[in-house]
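Trainee: Numbering (the numbering used here), first residue to last: 1439 to 1490. Note that the Cβ used here is the ideal one computed from N, Cα and C, for glycine as well. In this text, all values refer to a predicted model and were calculated from it rather than measured experimentally.
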Amino acid sequence: MATKTEDQVIEYVRLLADNTNLAIMFYNSPQFGIIMTPYGMGQLCAIPNVVG
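#1: Thinking C-alpha only, which one of Asn1466, Cys1483, Asn1487, Asn1459 is nearest Lys1442?
#2: Are Met1463 and Gly1490 closer than 7 Å when you measure CB to CB?
#3: Is the separation between the beta-carbon of Glu1444 and that of Gly1478 shorter than 7 Å?
#4: Are Ile1485 and Arg1452 touching if we call contact CB-CB under 7 Å?
#5: How long is the line joining the alpha carbons of Asn1459 and Cys1483, rounded to whole angstroms?
Below is the structure:
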């Protein structure tokens, strides 16, 4: 499994959010090789249907 960058994760969540009306909850899981910074989490929380 290739490790994704924080920017790739944010773009993926944006893509999901743009294509669904469902609420999206994001969980920071460092054991999967992605450590989100406070800035990155803020970017995710700014997406309208990201609820947490």
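Mentor: Put simply:
#1: Asn1466
#2: A contact, by the Cβ cut-off of 7 Å.
#3: yes
#4: yes
#5: 16 Å
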